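Mapping the sequence shown onto the numbering used here, position 46 (from 1) lands on 1209, and the numbers just tick up by one.
No residue lacks a Cβ here, since even glycine has one placed at the ideal position from N, Cα and C.
No experiment lies behind these values; they were computed from the predicted model shown.
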Amino acid sequence: MIVGTTEAARILKISTARLRVLLIAGRVEGAYKTGKMWLIPLVDGEPTIKRGTRGPAPRWCNLKKPATTIIHVNSQRIRQNQKHQERLPVITVKTRNTNTYGHIVEIPGGCRVVYRPDKPLRCGARVWIETFYDVNVIGQSKSLDLSTVL
């Protein structure tokens, strides 16, 4: 069955102006023009519209990046341990809102070491390790919740 633009627009539930834009772009399959009138074939009772190839990529399918875990050595704790002959943990693991201190940190996946002397972290660290994996802190002491502090 073949219909005109008004009937095809009613079937697709779009305006005739939008349908004409699709016709001019060649996105309506099998449609052809005779004189001033477009003839549009129906497949299963509807015109077939091809998918567009331009425009921005949809944003709804972008996956959120997981939070980065930052690991650094607290030099102030090292000096404090030497001065007072203590064995406080010096390795700090920062994840979202918490700081966890430990003596040993195991990283199961990949990581990278970052040195940024001009733009240190908020805590003042200029060298740190970043990873997207969950780390295992061994010999951990207290865990500080930063959301209550900030």
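Is it buried or exposed for residue i, if we count other Cβ within 10 angstroms and need 16 for buried?
| i | result |
| --- | --- |
| P1252 | buried |
| T1261 | exposed |
| A1194 | buried |
| V1268 | buried |
| P1280 | exposed |
| A1171 | buried |
| P1210 | buried |
Are the Cβ atoms of residue i and residue j separated by less than 8 angstroms?
| i | j | result |
| --- | --- | --- |
| I1203 | E1293 | no |
| V1298 | I1270 | yes |
| E1192 | K1213 | yes |
| Y1296 | R1289 | no |
| Y1264 | T1258 | no |
| T1168 | L1182 | yes |
| W1291 | H1235 | yes |
| G1208 | R1190 | no |
Based on the DSSP output, what are the partners of residue i in its beta bridges?
| i | result |
| --- | --- |
| K1196 | W1201 |
| T1232 | T1294 |
| I1187 | Answer by DSSP bridge pairing: none, since I1187 is not bridged. |
Go ahead and pull the three-state DSSP assignment for residue i.
| i | result |
| --- | --- |
| V1253 | coil |
| T1169 | helix |
| I1177 | coil |
With 8 angstroms set as the bound, which would you pick, yes or no: does the beta-carbon of residue i sit closer than that to a beta-carbon of chain C?
| i | result |
| --- | --- |
| T1179 | Protein chain content of the structure displayed is limited to a single chain, and chain C is not contained in it. |
*Which residue spans inside the region 1254 to 1309 form an unbroken beta strand (DSSP E) run of at least 3?*
1254 to 1258, 1261 to 1265, 1267 to 1269, 1275 to 1278, 1290 to 1294, 1299 to 1301 and 1306 to 1308
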